[in-house]
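Structure, as structure tokens:
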Amino acid sequence: MNFQNYFKNQIVLITGSGRGIGLEIAKEYLNHGAKVVALDINIKKLISLKKKYKNKILIEKLDLSNLNYFKNYLKNIPKNFKNINILINNAGMKSGKNLIDTNINDLNNLINVNSIKVLEISRILMSFSLKKNKGKIINIGSSLSSHGAVFRAQGGGSDYSVTKSMVHIITKIMAYECAKFKINVNAIAPGIIQTPMHARSISETEKKHLNKIPLNRIGLPRDITGTALFLGSNYSSYITGQIIHVNGGMLMIG
Ligand SMILES: NC(=O)c1ccc[n+]([C@@H]2O[C@H](COP(=O)([O-])OP(=O)(O)OC[C@H]3O[C@@H](n4cnc5c(N)ncnc54)[C@H](O)[C@@H]3O)[C@@H](O)[C@H]2O)c1
Numbered sequence: 001m002n003f004q005n006y007f008k009n010q011i012v013l014i015t016g017s018g019r020g021i022g023l024e025i026a027k028e029y030l031n032h033g034a035k036v037v038a039l040d041i042n043i044k045k046l047i048s049l050k051k052k053y054k055n056k057i058l059i060e061k062l063d064l065s066n067l068n069y070f071k072n073y074l075k076n077i078p079k080n081f082k083n084i085n086i087l088i089n090n091a092g093m094k095s096g097k098n099l100i101d102t103n104i105n106d107l108n109n110l111i112n113v114n115s116i117k118v119l120e121i122s123r124i125l126m127s128f129s130l131k132k133n134k135g136k137i138i139n140i141g142s143s144l145s146s147h148g149a150v151f152r153a154q155g156g157g158s159d160y161s162v163t164k165s166m167v168h169i170i171t172k173i174m175a176y177e178c179a180k181f182k183i184n185v186n187a188i189a190p191g192i193i194q195t196p197m198h199a200r201s202i203s204e205t206e207k208k209h210l211n212k213i214p215l216n217r218i219g220l221p222r223d224i225t226g227t228a229l230f231l232g233s234n235y236s237s238y239i240t241g242q243i244i245h246v247n248g249g250m251l252m253i254g
């Protein structure tokens, strides 16, 4: 089977695609023929990607906290990018703090970016194009954190964990609501993936986590892309409301 141009007529909007997992997903969709709308606060790496993929990718420096900007942006998006049929809610952040060291403003901001924006961006995109296109929504949750940061050595505290639990619940409830529009809604729950979010070297990550991972290696962003393509493809058309854990076996549930 040739998957090279599988996504030829598809347009994928990916939040937080300026680095890490989102950037890798953007590259993989582009490599499989899709057009990509790539959004992030930091677009440095996306500028290089644009040089390579030219008119296949639209990039925009956009803070998801400002939804007015987002709505205006969509309104003025070039015609050949308007027909978005896959939304990937990937943008996320973590404080890495213990609850006692956080404050209410930080907590509100984290919940807003990691969870509420998943609902809001999905809501906007549903009426913008997903409903018409019987599209797909893929949310990025978290395998371990959503289970209460089960491993003591994990960086994410209770603030991050609650936001990712919300993403998983949102995914299931949205799947019910979206079923009547024939929109599939699923989540990918990554385990420990080496990205700038952790702000540490892979050997430090290995020291912290390797002995708990049955497949005996730390995940890389490209370990997530296969599932992201699968959930955006017609091969997953009978799957909705599911949380797919991609974690090297670190947490086995279900
Ligand atoms: N790396 C891991 O181990 C891991 C594990 C589980 C889940 N995740 C989730 O995967 C997703 C991607 O994380 P990553 O590891 O690639 O992290 P990352 O920090 O490398 O990338 C996150 C991206 O989101 C962007 N972003 C953050 N807030 C934003 C906002 N308000 N508006 C626009 N863009 C914003 C950042 O600029 C960054 O480019 C996140 O949702 C994260 O919670 C990561």
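Quick note: the sequence shown uses this note's numbering, first residue 1, plus one each step.
Cβ coordinates follow ideal geometry from the N, Cα and C atoms, glycine included.
The structure presented is a predicted model; accordingly, all values stated were derived computationally and were not measured.
For the beta strand (DSSP E) that contains Thr227, what are its first and last residues?
Here Thr227 belongs to no beta strand (DSSP E); instead the alpha helix (DSSP H) covers Arg222 to Gly232.
Would you tell me roughly how many angstroms separate the C-alpha atoms of Ile183 and Lys136, rounded to the nearest one?
Going by the C-alpha atoms only, they are around 5 Å apart.
Which same chain residues, not among the five before or five after Gly16, have their C-beta less than 6 Å away from its C-beta?
Same-chain partners within the cutoff: Gly22, Asp40, Asn90 and Ala91.
In this structure, how does DSSP classify Asn5 when only helix, strand and coil are distinguished?
Correct three-state label for Asn5: coil.
Which parts of the stretch 108 to 194 are runs of the alpha helix (DSSP H), unbroken and 4 residues or longer, counting only runs that do not cross its ends?
Listed in chain order, they are 117 to 125 and 158 to 179.
Between Asn186 and Ile138, which are expected to be in contact by the criterion C-beta below 8 Å, what is the C-beta distance as a whole number of angstroms?
Contact flag correct, Cβ pair sits at about 6 Å.
Name the one or two DSSP bridge partners that Glu60 has.
Bridge partners of Glu60: Leu39.
Starting from Ile25, trace the alpha helix (DSSP H) both ways and give me its first and last residue.
Looking at the DSSP string, the run of the alpha helix (DSSP H) that includes Ile25 is Gly20 to Asn31.
Specify the secondary structure class of Ile88 as computed by DSSP and reduced to three states.
Of the three classes helix, strand and coil, the one that applies to Ile88 here is strand, per DSSP.
Output the boundary residues of the beta strand (DSSP E) element that contains Thr15.
Here the beta strand (DSSP E) through Thr15 covers Ile11 to Thr15.
Grab me the residues of Gly241's own chain with a C-beta within less than 6 Å of its C-beta, minus the 5 sequence neighbours each way, in chain order.
Within the same chain, Gly241 has close Cβ partners Lys172 and Ala175.
Consult DSSP for Ile253 and reduce its assignment to one of helix, strand or coil.
Coil, per DSSP.
Could you work out which residue in Glu120, Lys79 and Lys61 is closest to Leu87 when comparing CA atoms only?
Minimum Cα distance to Leu87 is reached at Glu120.
Provide the residue(s) that pair with Ile244 in DSSP beta bridges, ordered along the chain.
Ile188, per the DSSP bridge assignment.
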